[in-house]
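Right, one structure below, let's go through it.
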């Protein structure tokens, strides 16, 4: 007999949870049952710390067909078509085994997409590491995570067409790997995961089950420490070829109407996938572990039940259809085993052949999971850090050390600013031949064949802002994605989020979490973007130190006519460069937009000050205006001002257009460094032919959006007020080669 | 009266192939010619008069690219088809398979960058006297994407000599001005080779993806002429 009192702790359960289990069962659980509770009630599966707050999200809207609660959210894009998407984290596995951690993160999120019946059409990712300079371990993590993402996505034939990467000391011990996947589906082919109909079969399709990834969900629900290395066996191993086959099989089964439901097998394996199916359908389920194809014959029932072996799906099949399902699986040469059967008892029963090994009320595992309302309190660092600002003397002393040219070169070659070409060239971003805007622009844009439509996607999140003000920082993350979409002429339809935070039991962390959620709620309300799916990742701490609160937002937007698409690149000599939107000149506030800026971190080694302000209704008007300007063919390029400020925005338009610009910024009573590098929100740099200026100006005035001509496109130099004057070729080389140089050192 | 044959393309599908739909789209939707998928278990097909082996990761390519695909039942059909003069084009993984199958000479090594590379490259059309590149001008510079891990084409000196003597090198990597040099070589391939044909000029393998560069909106439509050349050739009979 095992010592149940000792075991529950080892499995990550709390004492009160252990008592609750006994209450539900009316007896002591056996080890198998305890294991099942431990994974189902892990933070990763149960969202016990976040559930109470997440339910406040706005989850409905004009385009929403399916909000949170299924494998992924669904948006209606017209013409009987829908897109399906979700973002998920794989932070802890990637921290200990970056290649497989990242690869299986991609694999997992892709399964969520085709579990809805959709064909994956695009992947994006948000990555965070410590600083690369002279830190071999960070370089190793970065290199292997990118390789893991690439190898998996490339083999699957899904373009990895967008994303973002930032480097900051806060992520040194706990990197972030957030992966987003998007699929497209005919609306009438959408499938859900609900189990129903006593007697229907639950069929496992795909890989055999091995001992990999046992207790992965529990691992993900704990902080990283010295012992984390020993958790490598908790990291699963990916097989993208198998997943590609499973994908084709599942889509073929759906296409032929052979299955009634489909569920991805992710964290906590057979247990969580089958329990979720049963719980959603309010039915019971009998699982027979003897039917599960195994890699190792000696596996124990509990290992079979919670193994996180990859590339497996669970399908609900009517008994009469099973032979046809098997025929298709045989054609593709993969496993197809009936491992369970739906019952109407509401009980989750685990058998090995005829022997009953465990019996648990389904709902006690899901709805009955504990819900925590953690204490929250403003953390101690907050007031100190926010009360900082750079003085005029600080700027002067910087100018005594460096010229404007030198300062600019340092900014443009910062790994947080420069091109991520080194990353995306390792990803197949063109397969499926729908990528109409190559990576490096504000959004990834995927056209929909045989229509005029395209879908734009943007991922964003700024941990520094959220550290300085989690409420505003989260708002900015949402707003930034909306603005990125607007720069591509897309109207936001819905978003997914991946919320990366420290340990929720710590009141300071939970305060960050709560405020970030409130920020997202606010931004979604004003910008009218519903949340359709998401994921929470807590315990992002190493050696007791939490990462900056980092909510990542992935937003999808609709482009009605892809032929209107413009990029961020300047196009022609003599076009006029215009700044539209909020600017210090127009909306002079006390907040100078330097708090948490890349400039401050680069030159003063500080993440401090006030998070930039944002006026959401102004943002909304600006985004609408930008889409209108693009749809009316009035502008030739649009690029949003973000990290690094307006100097970087203009430079990027020059770099991608391989053309110079002469910019003149009114310096009167103003600090030029601040003007160039502040990160004030709600600003877009556009370029246009002279003859359209009047029309653009009128539209701006009509929307009460500020309009300012700041220069001219052309020449071979990037020139701002004659203080920055550098050949565009030199800037291109700095911008494009920095990461490659660091990585090959 | 002699009438041109109607082109009918067969697109091979192995488990792990992932560019078959892209090829299908170009042929069916853009060029409006007949085409169909051919599953790797098939050993016979009487309809088709051209074969495309598309890109992807046949059987996962965990061993050497194309090494497993070679043993697929469909490959004996491909061999017979080629020996009877049928047009066969292998793109990316398809090229790798044709090398493994010895329908084309040489071998593929890992990129000398040791990384997967996805980007647009410039190519110089070295020969236009064959069924695959006849719609280009000799010396023309065209733009197509490459997307591979193993595109570092290798052939020994004798083999190279033969390739040159018979004008079997159809495409080379070059810079935007047409210079064929080391800087313009993305993967380390011998003499910047990007695509070759067999001696009888009916089997063609290339690493770049013509099917991904058939529409201006994707950044280039230079790939279209590969398929058009093949269609013209078939229609002439």
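Protein chains in written order, with our numbering: chain A, 40 to 784; chain B, 8 to 244.
Even for Gly, the Cβ is constructed at its ideal location relative to N, Cα and C.
Note that the structure is a prediction, hence the values are computed from the model and not measured.
Residue i, buried or exposed, once every other Cβ within 10 Å from all chains shown has been counted against 16
{"i": "residue 627(A)", "result": "Annotation note: pLDDT 45 at residue 627(A) (below 50); position unreliable, coordinate value reported separately. With fewer than 16 other Cβ atoms within 10 Å, it is exposed."}
{"i": "residue 463(A)", "result": "buried"}
{"i": "residue 625(A)", "result": "Only weak support exists for where residue 625(A) lies, its pLDDT of 42 falling under 50; the value from the coordinates is given anyway. With fewer than 16 Cβ atoms within 10 Å of its Cβ, residue 625(A) is classed as exposed."}
{"i": "residue 757(A)", "result": "buried"}
{"i": "residue 46(B)", "result": "exposed"}
{"i": "residue 566(A)", "result": "buried"}
{"i": "residue 151(A)", "result": "buried"}
{"i": "residue 407(A)", "result": "buried"}
{"i": "residue 355(A)", "result": "buried"}
{"i": "residue 441(A)", "result": "exposed"}
{"i": "residue 412(A)", "result": "exposed"}
{"i": "residue 784(A)", "result": "exposed"}
{"i": "residue 67(A)", "result": "exposed"}
{"i": "residue 140(B)", "result": "buried"}
{"i": "residue 730(A)", "result": "exposed"}
Euclidean distance between Cα positions of residue i and residue j
{"i": "residue 93(B)", "j": "residue 184(A)", "result": "44 Å"}
{"i": "residue 79(B)", "j": "residue 175(B)", "result": "27 Å"}
{"i": "residue 148(B)", "j": "residue 188(B)", "result": "14 Å"}
{"i": "residue 101(A)", "j": "residue 532(A)", "result": "8 Å"}
{"i": "residue 349(A)", "j": "residue 143(A)", "result": "7 Å"}
{"i": "residue 410(A)", "j": "residue 404(A)", "result": "12 Å"}
{"i": "residue 111(B)", "j": "residue 775(A)", "result": "37 Å"}
{"i": "residue 684(A)", "j": "residue 388(A)", "result": "58 Å"}
{"i": "residue 179(B)", "j": "residue 194(B)", "result": "12 Å"}
{"i": "residue 42(A)", "j": "residue 69(A)", "result": "10 Å"}
{"i": "residue 312(A)", "j": "residue 159(B)", "result": "43 Å"}
{"i": "residue 253(A)", "j": "residue 345(A)", "result": "6 Å"}
{"i": "residue 14(B)", "j": "residue 209(B)", "result": "15 Å"}
{"i": "residue 578(A)", "j": "residue 263(A)", "result": "8 Å"}
{"i": "residue 682(A)", "j": "residue 529(A)", "result": "21 Å"}
{"i": "residue 28(B)", "j": "residue 437(A)", "result": "56 Å"}
{"i": "residue 603(A)", "j": "residue 727(A)", "result": "14 Å"}
{"i": "residue 658(A)", "j": "residue 512(A)", "result": "15 Å"}
{"i": "residue 788(A)", "j": "residue 236(A)", "result": "The structure shown does not extend to residue 788(A), since chain A is modelled only from 40 to 784, so the question has no answer here."}
{"i": "residue 242(B)", "j": "residue 215(B)", "result": "25 Å"}
{"i": "residue 173(B)", "j": "residue 137(B)", "result": "11 Å"}
{"i": "residue 57(A)", "j": "residue 82(A)", "result": "15 Å"}
{"i": "residue 599(A)", "j": "residue 491(A)", "result": "7 Å"}
{"i": "residue 686(A)", "j": "residue 620(A)", "result": "16 Å"}
{"i": "residue 632(A)", "j": "residue 650(A)", "result": "7 Å"}
Residue range of the beta strand (DSSP E) that includes residue i
{"i": "residue 297(A)", "result": "No beta strand (DSSP E) holds residue 297(A); DSSP gives it neither H nor E."}
{"i": "residue 57(B)", "result": "57-60"}
{"i": "residue 465(A)", "result": "Element bounds for residue 465(A): n/a, residue is neither H nor E."}
{"i": "residue 331(A)", "result": "Premise fails: residue 331(A) is in no beta strand (DSSP E) and is neither H nor E."}
{"i": "residue 119(A)", "result": "From DSSP, residue 119(A) is part of no beta strand (DSSP E); its letter is neither H nor E."}
Cβ-heavy atom distance, residue i to the ligand MN, below 7 Å
{"i": "residue 314(A)", "result": "No copy of the ligand MN appears in this structure; indeed no ligand is present at all."}
Contact belief for residue i with residue j at Cβ below 8 Å, rounded distance in angstroms
{"i": "residue 105(B)", "j": "residue 60(B)", "result": "7 Å"}
{"i": "residue 130(A)", "j": "residue 539(A)", "result": "7 Å"}
{"i": "residue 123(A)", "j": "residue 111(A)", "result": "5 Å"}
{"i": "residue 222(A)", "j": "residue 141(A)", "result": "Going by Cβ atoms, the distance from residue 222(A) to residue 141(A) rounds to 20 Å, so no, they are not a contact pair."}
{"i": "residue 120(A)", "j": "residue 487(A)", "result": "7 Å"}
{"i": "residue 241(A)", "j": "residue 378(A)", "result": "6 Å"}
Run of the alpha helix (DSSP H) containing residue i, from where it starts to where it stops
{"i": "residue 96(A)", "result": "Taken as a continuous stretch (DSSP letters only), residue 96(A) belongs to no alpha helix (DSSP H), as it is neither H nor E."}
{"i": "residue 497(A)", "result": "First-last for residue 497(A): 493-499, but that is the beta strand (DSSP E), not the alpha helix (DSSP H)."}
{"i": "residue 741(A)", "result": "732-742"}
{"i": "residue 342(A)", "result": "340-345"}
{"i": "residue 237(B)", "result": "231-243"}
{"i": "residue 515(A)", "result": "509-526"}
Which residue spans inside the region 105-173 of chain B form an unbroken alpha helix (DSSP H) run of at least 4?
-> 164-172
Secondary structure, alpha helix (DSSP H): runs of 4+ residues fully inside the region 145-221 of chain A = 175-195
Uninterrupted beta strand (DSSP E) stretches inside the region 670-730 of chain A (no shorter than 3 residues) = 676-679, 700-702 and 722-727
Residue ranges of each beta strand (DSSP E) within the region 614-658 of chain A, 3 or longer | 615-620
May I have a chain-ordered list of the alpha helix (DSSP H) segments no shorter than 4 residues that lie completely inside the region 370-429 of chain A?
-> 401-404 and 420-425
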